[in-house]
Amino acid sequence: MDIENLEEPDVTPLINVNLVILVMILAIASHAARLLPLEMPKAEQTEFLEMSDAVLLRVQTDKAYQLQGSPLTREALPGAIDALEADSVVLIAMDSKAPYDSLIWAVDSIMTRPDLQVAFGQPPPPAAATTATTAPAPPAPAGN
């Protein structure tokens with residue numbers, strides 16, 4: 002028996018059969034998923050939170066935090082969270098370059114207090130000043 006004259010088995014038919022079976026399974030599964038009854042749960046109540054009263058927690062890029070504008074270290078954050086009033090809303094704003102473990106640390110610190118509510122997002126912009134100053138009008142062009 003000469004080893005050099007052995008041919009490799011042709012696996013093309015096997016691949017073709019596997020692809021046909023895969024297409025059949027995907028077609029049947031997608032059709033069956035549409036036939037299954039799906040009942041979405043209804044909300045018992047919807048609560049809108051006033052964000053102007055929220056306690057702002059900023060997660061910064063250097064693994065530091067700001068709670069209502071006061072800088073905090075990672076070690077000091079749990080103590081500051083414990084000092085918050087009951088039923089407070091904590092609005093977490095994360096810097097786009099902040100590490101995710103800082104966000105997880107902040108959420109874990111807040112979750113130790115089940116009486117606090119958590120919201121994610123950016124703080125509302127500061128209210129515009131009520132007395133706006135206007136610049137004087139430019140002088141009229143001199144006629145020739």
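One gets this note's numbering by counting positions in the sequence shown from 1 and adding 1 to each. Just so you know, even glycine gets a beta-carbon here, dropped at the ideal spot from N, CA and C.
Using DSSP with H/G/I as helix, E/B as strand and the rest coil, what is residue i?
i           : result
residue 103 : helix
residue 24  : helix
residue 35  : helix
residue 15  : helix
residue 97  : coil
residue 71  : strand
residue 30  : helix
residue 81  : helix
residue 52  : helix
residue 112 : helix
residue 130 : The predicted model places residue 130 with a pLDDT of 45, which falls under 50 and marks its position as unreliable; any figure quoted below should be read in that light. Coil.
How many whole angstroms separate the CB atoms of residue i and residue j, which I take to be in contact at a CB cut-off of 8 Å?
i           : j           : result
residue 106 : residue 59  : Their Cβ separation, rounded to whole angstroms, is 13 Å, which puts residue 106 and residue 59 out of contact at 8 Å.
residue 95  : residue 104 : 5 Å
Where DSSP assigns a beta bridge to residue i, which residues make up the other side?
i           : result
residue 118 : 90
residue 7   : Its beta-bridge partners do not exist; DSSP assigns none.
residue 60  : 66, 95
Hey, would you say the C-beta of residue i is under 7 Å away from at least one heavy atom of the ligand ZN?
i          : result
residue 89 : Absence of the ligand ZN from the depicted structure is noted, as is the absence of any ligand whatsoever, leaving it without description.
So, does the CB of residue i fall closer than 8 Å to a CB anywhere in chain B?
i          : result
residue 81 : Going by chain labels, chain B is absent from the structure shown, which holds only one protein chain.
*Evaluate contact between the segment 28 to 38 and the segment 63 to 80, counting only Cβ atoms and requiring at least three cross-stretch pairs below 8 Å.*
The segment 28 to 38, when compared against the segment 63 to 80, does not touch it at the 8 Å Cβ threshold.
*Just checking, does the segment 54 to 66 make contact with the segment 86 to 102 on the three C-beta pairs under 8 Å criterion?*
yes
*Touching or not, the segment 58 to 66 and the segment 25 to 34, by the rule of three or more beta carbon pairs under 8 Å?*
no
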